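One structure below.
Numbering (the numbering used here), first residue to last: 38 to 407.
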């Protein structure tokens, strides 16, 4: 009886243990199912699918994740999908920006090349202009020096002409004195001619008286004849001298008139030389001012040439910077190409971004000279 009781108790305990084991198994299964369901809900998909999606994103494939739209919004798959979408948006923007940068740098490079060429042409033209201005400045300087020399020569000529005018004036006065002296000599010769005429008359009267005296007056008659001959010779010489004096007076009068005309002409020459001196002085002053102005223009052209050369250097530096930026944009584009986006989204965004870049930065502005 005791054995039967023990066996019954053992059987009871075995059944209790089996029941407890079954209950524990059921509870474990239920808990496992609950945990699995919670984990799957938290993950949003099967671990293999989630791992595949994560590997795809890690590999640069940013296309849409399958089943992400049905996953809970707080699941790992939903977060991974949101990360994929954000990365796709960022990569799409970066790709569009790199396209815009590439387009902009290409336009900048073209503009810099055009600007560099025009700057070089401008620098060459300014150098030629500077050389021409130097030659022109040298010519103006020589003209100014020649004008100064001409001014000095004109002043000297004016002084010489003034002295010549004074000499001519003195000659005119001398000729007038000679004319007056000749007239006085002519008057004196007239007096001598009158004396000779009276002497001739006296000799004639003496000869008449000697003829009346007869033999006693013969010697006196001879003397009277000689006196008469001398008087006639004196009268003849006086006439010749008077003729010569009159001729000299006429010539002196003519010479005086010519000298007067020469004096007037010399006065006009002196006045003309003075006017020429004034004009040459004005030309000399104007040439000096022109020389100063041309020198200032030459300095301004040289400064423009220096500034243009600096602009050319800046253009070369800008071209080098644009080339470097273009290379960096290409490198960034190559880096972004490792990501795979949706076929419809990325090109559209890149095209719109490039369009905004091109419309926002006109090609005309890029080619504007510095």
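Heads up, the beta-carbon is just placed ideally off N, CA and C, and yes, glycines get one too. For clarity, every value in this text was computed on a predicted model and none was experimentally measured.
{"Check": "Same chain, Cβ closer than 6 Å to residue 208, five either side skipped, listed in chain order", "Outcome": "296"}
{"Check": "DSSP three-state assignment for residue 186, whether helix, strand or coil", "Outcome": "helix"}
{"Check": "Candidates 353, 377, 245, 287, of which the one nearest residue 146 by Cα", "Outcome": "353"}
{"Check": "Residue 338 beta carbon less than 8 Å from that of residue 167", "Outcome": "yes"}
{"Check": "Three CB pairs or more closer than 8 Å across the stretch 311–327 and the stretch 124–133", "Outcome": "no"}
{"Check": "Any non-hydrogen atom of the ligand GDP within 7 Å of residue 309 CB", "Outcome": "Summarising the ligand content, the structure contains no ligands, and the ligand GDP is consequently not present."}
{"Check": "Helix, strand or coil at residue 62 according to DSSP, with G and I counted as helix", "Outcome": "helix"}
{"Check": "Three-state class that DSSP yields for residue 48 in the structure shown", "Outcome": "helix"}
{"Check": "Pick from 369, 376, 375 that is closest to residue 134, judged by C-alpha positions", "Outcome": "369"}
{"Check": "Close-in-space but distant-in-sequence residues of the same chain around residue 171 (CB under 8 Å, 5 per side omitted)", "Outcome": "335"}
{"Check": "Length of the line joining the Cα atoms of residue 223 and residue 243", "Outcome": "30 Å"}
{"Check": "Contact set for residue 389: own chain, Cβ-Cβ below 6 Å, skip 5 residues either direction", "Outcome": "Residue confidence for residue 389 is low, a pLDDT of 39 falling below 50, so the modelled location carries little weight; the figure read from the coordinates is stated next. Result list for residue 389: empty, nothing under 6 Å."}
{"Check": "Host alpha helix (DSSP H) of residue 377 (start-end)", "Outcome": "Note, residue 377: premise wrong, no alpha helix (DSSP H); not H, not E."}
{"Check": "Beta-carbon proximity of residue 230 to residue 275, cut-off 8 Å", "Outcome": "yes"}
{"Check": "Residue 225 versus 278, 341, 156, residue with shortest Cα-Cα distance", "Outcome": "278"}
{"Check": "C-alpha gap between residue 320 and residue 180, whole angstroms", "Outcome": "9 Å"}
{"Check": "CB-CB length for residue 219 against residue 285, believed under 8 Å", "Outcome": "5 Å"}
{"Check": "Outcome for residue 92 when other beta-carbon atoms lying within 10 angstroms are tallied against a minimum of 16", "Outcome": "exposed"}
{"Check": "Beta-carbon contacts of residue 119 that lie in its chain and below 7 Å, excluding the five residues immediately before and after", "Outcome": "none"}
{"Check": "The stretch 348–367 contacting the stretch 140–156, beta-carbon criterion three pairs below 8 Å", "Outcome": "yes"}
{"Check": "C-beta contact flag for residue 233 and residue 271 at 8 Å", "Outcome": "yes"}
{"Check": "CA-to-CA distance, residue 112 to residue 98, given in whole angstroms", "Outcome": "21 Å"}
{"Check": "Which residues DSSP lists as bridging residue 98, in chain order", "Outcome": "377"}
{"Check": "Within the stretch 294–335, ranges of the alpha helix (DSSP H) (whole runs, at least 4 residues)", "Outcome": "none"}
{"Check": "Proximal residues to residue 173 (C-beta, below 7 Å), its chain only, five neighbours per side dropped", "Outcome": "331"}
{"Check": "Beta-carbon proximity of residue 264 to residue 236, cut-off 8 Å", "Outcome": "yes"}
{"Check": "Separation of residue 227 from residue 289, as counted between CA atoms", "Outcome": "19 Å"}
{"Check": "Whether residue 310 touches residue 206 by CB criterion (8 Å)", "Outcome": "no"}
{"Check": "Under the three-state DSSP convention, the category residue 284 falls into", "Outcome": "helix"}
{"Check": "Helix, strand or coil at residue 112 [DSSP, three-state]", "Outcome": "coil"}
{"Check": "Burial state of residue 70, where buried means 16 or more other Cβ atoms lie within 10 Å", "Outcome": "exposed"}
{"Check": "Close beta carbons around residue 213, own chain, < 7 Å, minus the five adjacent residues each side", "Outcome": "293"}
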